[in-house]
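With UniProt numbering applied, the sequence shown corresponds to residues 1 to 660, in that order.
Beta carbons are placed, not taken as given, at the ideal position from N, Cα and C, and that holds for glycine.
All values derive from a computational prediction rather than experimental measurement.
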Amino acid sequence: MARQSSLPFPLRKSSPTPRPPKRKLDVRDAVDEFEFNQEDLPPAYILSDSSDELDDDQDDRDDEETDEPNEEQDEIRRLRTRLASTSLSGTPTGYQRLASATTASGLEVRPGMNVELQDADFLRIHDILQDVYGKIIVRGMLLRRTRWMNNWLPKKLNELCAQFEIECDDINDLSDSMLVIRPLDLVIQARKIVFTNKDFPAHSYRDFLVHGYREYANDLEREDRAVLVCRWKLVVLKRDRKGRVPSARLTLLGEHESDADAKISDEAKRCRFGRHADKVPEVDLTNEICYRPNKKSRGPIRTGGSPVHTVGSSPDEYTYGDFFAGAGGCSRGAALAGLRVNFVVDHDGDACRTLEENFPEAKVMKEEIFTFLAMTEPQPFMHVDVLHISPPCQPHSAAHTVDGKNDAANIAAGYVVLDAVKKCRPRIVTVEQTEGIFSRHHDRWANLIHQFTWAGYSISWRVSCFNEWDYVHKRKRLLLMAACPGQPLPRSPEPTHGPGLKPYVTVADRLNLLPPARRIPAHMLKYGKGKGGGPYDPNKPLKACITTSGGDGNTHPGGGGSFNGAELAVLAGFPPWPHHKFAPACMTSIFRQCGNAVASTVMKLHFKECLKTLKKTDGIEETEAQSVEDGEVIVLDDDREVIVLDDEDGKTADTAWVVD
1 MARQSSLPFP LRKSSPTPRP PKRKLDVRDA VDEFEFNQED LPPAYILSDS
51 SDELDDDQDD RDDEETDEPN EEQDEIRRLR TRLASTSLSG TPTGYQRLAS
101 ATTASGLEVR PGMNVELQDA DFLRIHDILQ DVYGKIIVRG MLLRRTRWMN
151 NWLPKKLNEL CAQFEIECDD INDLSDSMLV IRPLDLVIQA RKIVFTNKDF
201 PAHSYRDFLV HGYREYANDL EREDRAVLVC RWKLVVLKRD RKGRVPSARL
251 TLLGEHESDA DAKISDEAKR CRFGRHADKV PEVDLTNEIC YRPNKKSRGP
301 IRTGGSPVHT VGSSPDEYTY GDFFAGAGGC SRGAALAGLR VNFVVDHDGD
351 ACRTLEENFP EAKVMKEEIF TFLAMTEPQP FMHVDVLHIS PPCQPHSAAH
401 TVDGKNDAAN IAAGYVVLDA VKKCRPRIVT VEQTEGIFSR HHDRWANLIH
451 QFTWAGYSIS WRVSCFNEWD YVHKRKRLLL MAACPGQPLP RSPEPTHGPG
501 LKPYVTVADR LNLLPPARRI PAHMLKYGKG KGGGPYDPNK PLKACITTSG
551 GDGNTHPGGG GSFNGAELAV LAGFPPWPHH KFAPACMTSI FRQCGNAVAS
601 TVMKLHFKEC LKTLKKTDGI EETEAQSVED GEVIVLDDDR EVIVLDDEDG
651 KTADTAWVVD
């Protein structure tokens with residue numbers, strides 16, 4: 001019995017192949033910056049010369065289901081292997097390049113044409129090749145309907161997403177690996193495809209009327225004959241052995257990637273977002289708008305060889321907001337990176353008192369996230385440049401094997417992203433989550449992506465280990481960045497620790513940051529219940545993660561007992577007391593705040609990349625500042641001081657804590 005199609009209308013008779021099953025676009029790593037220039041297609045595609053390297057740390061989870069290979073797939077795989085060393089402008093050995101070719105149905109195809117394939121995908125032909133046996137293949141850029149994108153994109157009729165799967169490990173030797181290969185026999189008809197960075201539904205069939213009526217009678221005709229529009233591109237690297245997508249970029253097309261008669265200024269699109277959003281009138285993004293925000297420079301300082309750290313109090317600083325702020329790990333990282341913390345939201349009373357201690361100039365709101373988004377009207381202070389959202393991770397974790405009483409609320413908290421983005425209109429959004437949401441809960445992961453793309457935000461994600469960025473434990477986490485329309489995505493920061501870099505951070509490294517006990521308040525010197533066990537070498541990374549109850553990582557190297565509150569805080573990635581304070585609370589609350597925290601040492605590097613991208617987009621140059629010596633105190637323009645702490649070698653100053 002034939003499988004019934006799940007389409008809301010029947011497939012056309014001219015396509016003998018039914019709709020393919022839902023595909024999983026699986027990769028190992030992603031390209032950080034990948035852009036194709038519309039004016040150069042064909043024959044050239046442009047790729048950047050940089051990529052992120054993903055630590056291939058495999059766990060013991062079951063393998064994902066994969067499709068059974070068939071003869072056609074094997075043939076295409078063999079062809080790709082033979083063509084892998086060919087440059088885009090060259091002709092592979094054993095092939096000749098054809099100016100045109102004719103399909104069995106009589107359709108003449110040429111480079112530069114857009115065609116539909118039997119599997120219902122589309123191809124912009126780059127070149128046509130014929131081997132010595134007369135077999136003809138076409139190479140080109142693959143495009144796929146958005147409704148078949150794993151629910152990552154809104155399912156709009158005749159909307160497409162360009163696909164770029166890179167199947168080489170060296171980004172500097174891409175050859176033609178971003179192109180797909182299809183036999184000529186799979187081409188069924190020519191199609192018109194518009195590449196645009198304008199908002200939906202511009203340039204779609206919905207714009208066309210004939211004598212006041214739609215040109216096509218029904219969705220079947222529109223599916224088969226109407227114009228197609230590409231607004232998105234997906235860039236991924238080759239599949240990992242477990243068939244998952246640990247890193248990728250799903251972005252809107254840029255101005256220079258769009259057709260000449262279908263583009264709008266990227267600056268006109270992004271002027272509706274960020275701290276200036278309330279000052280900009282609504283604009284029609286189907287028309288060209290020229291809007292140039294104030295590009296007033298700010299005063300930065302830099303410590304040692306580190307990137308610029310903006311610490312001035314200019315009212316035109318880039319701003320930051322934080323949902324699910326907890327004790328302020330991400331907010332502290334944002335402040336250290338040079339962002340001004342405008343507001344923070346959390347439902348926990350002790351956490352909010354901690355936030356008030358550390359960010360007196362920020363608006364601290366003790367609210368359930370659902371109540372806040374439903375009842376609070378958008379205010380100017382909420383329109384920030386960078387917004388961080390870290391919904392509870394417990395129900396998504398691989399360690400979560402028993403249902404908890406708060407599971408329903410914690411899962412629902414992940415569905416507020418769209419409302420938060422619409423209310424705050426940030427230029428860049430960051431999200432930190434447990435790796436389990438993407439490896440085990442595909443529906444929740446797809447929904448998270450879908451919320452961003454529905455709002456028109458480009459996104460990138462990467463599964464990373466925090467010990468690459470000055471953290472004491474490996475802690476495998478999922479980091480997602482999103483950018484508003486017209487705003488380029490930030491890059492992931494380069495690893496700072498690991499082989500060939502600085503040594504991984506040890507327990508002793510973090511504990512040595514603490515001041516003498518007499519300078520630490522009594523409530524931070526209390527100890528919890530330890531996990532037992534004998535002494536261990538503190539000159540090694542923490543053997544287990546810090547959790548809300550302390551966890552297996554809460555074992556002092558002296559043996560048996562737990563860490564105290566101040567020790568637990570620095571191990572969780574907070575600056576040492578008093579550079580990040582915890583309001584008086586019971587030890588259980590201190591443990592919970594530390595266990596829920598995102599390491600400020602890690603997020604500082606990510607927010608620096610966000611700030612760098614914003615400045616570059618706005619045309620603001622990051623000026624170099626004179627290095628300072630260890631222990632030197634710098635007086636800022638707002639009566640604050642910076643104490644510079646040195647590295648182990650005593651030569652370079654890598655860290656500067658601001659003293660309020």
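Expressed to the nearest angstrom, what Euclidean distance is found between the alpha-carbon atoms of residue i and residue j?
i	j	result
residue 262	residue 463	35 Å
residue 125	residue 200	25 Å
residue 466	residue 476	6 Å
residue 506	residue 389	28 Å
residue 541	residue 503	10 Å
residue 122	residue 195	13 Å
residue 661	residue 553	Missing from the structure shown is residue 661; the chain here goes from 1 to 660 and no further.
residue 595	residue 320	23 Å
residue 95	residue 136	9 Å
residue 332	residue 573	10 Å
residue 185	residue 146	24 Å
residue 178	residue 257	16 Å
residue 386	residue 422	13 Å
residue 372	residue 424	12 Å
residue 328	residue 269	31 Å
residue 267	residue 414	30 Å
residue 198	residue 259	11 Å
residue 247	residue 393	19 Å
residue 220	residue 158	11 Å
residue 515	residue 577	7 Å
residue 496	residue 609	14 Å
residue 498	residue 473	12 Å
residue 417	residue 430	11 Å
residue 307	residue 138	Caution applies to residue 307, whose pLDDT of 40 falls short of 50 and renders its modelled position unreliable; the value that the coordinates give is listed next. Roughly 46 Å separates the two Cα atoms.
residue 317	residue 614	11 Å
residue 586	residue 428	36 Å
residue 97	residue 132	12 Å
In the DSSP assignment, find the unbroken beta strand (DSSP E) run with residue i in it and report its ends.
i	result
residue 164	159 to 166
residue 117	114 to 117
residue 609	Looking at the DSSP string, residue 609 is not in any beta strand (DSSP E); the run it does join, the alpha helix (DSSP H), is 600 to 618.
residue 571	Counting along the chain, residue 571 falls outside any beta strand (DSSP E), though it belongs to the alpha helix (DSSP H) covering 565 to 571.
By Cβ distance, which residues of its chain are closer than 6 Å to residue i, with the 5 residues on each side in sequence left out?
i	result
residue 234	161, 163 and 250
residue 452	459 and 482
residue 41	Only weak support exists for where residue 41 lies, its pLDDT of 42 falling under 50; the value from the coordinates is given anyway. The answer is none, since no qualifying residue turns up.
residue 24	For residue 24, the predicted model reports a pLDDT of 39, less than 50, meaning its position is unreliable; a value from the coordinates is still stated below. For residue 24, where only same-chain residues beyond five positions count, there are no Cβ hits under 6 Å.
residue 116	122, 188, 189 and 191
residue 378	423
Looking only at its own chain, which residues have a Cβ that is under 7 Å from the Cβ of residue i, when we skip the five neighbours before and after it?
i	result
residue 335	341
residue 364	344, 352, 355 and 356
residue 446	150, 151 and 152
residue 419	373
residue 101	109, 128, 136 and 184
residue 719	Outside the modelled stretch of the chain, which goes from 1 to 660, sits residue 719, for which no answer is possible.
residue 326	346, 351, 593, 596 and 597
residue 604	333, 336 and 337
By DSSP's criteria, residue i is part of a beta bridge. Which residues make up the other side?
i	result
residue 137	129 and 183
residue 481	430 and 460
residue 512	None, per the DSSP bridge assignment.
residue 124	114 and 141
residue 547	550
residue 97	129
residue 322	344 and 388
residue 102	108
Residue i lies in the alpha helix (DSSP H); which residues open and close that run?
i	result
residue 453	442 to 454
residue 487	Careful: residue 487 lies outside any alpha helix (DSSP H) and carries neither H nor E.
residue 595	587 to 596
residue 153	From DSSP, residue 153 is part of no alpha helix (DSSP H); its letter is neither H nor E.
residue 436	436 to 439
residue 423	417 to 424
Using a C-beta cutoff of 7 Å, does residue i count as contacting chain C?
i	result
residue 140	No chain C is present in this structure, which holds just one protein chain.
Excluding the 5 residues flanking residue i on each side, which residues of the same chain have their C-beta closer than 8 Å to its C-beta?
i	result
residue 324	345, 346, 369, 389, 390, 391, 392 and 413
Any alpha helix (DSSP H) of 4 or more consecutive residues that is wholly inside the stretch 326 to 411: 329 to 337, 349 to 358 and 369 to 375
In chain order, each alpha helix (DSSP H) run of at least 4 residues that lies wholly inside the stretch 184 to 270: 219 to 225 and 266 to 270
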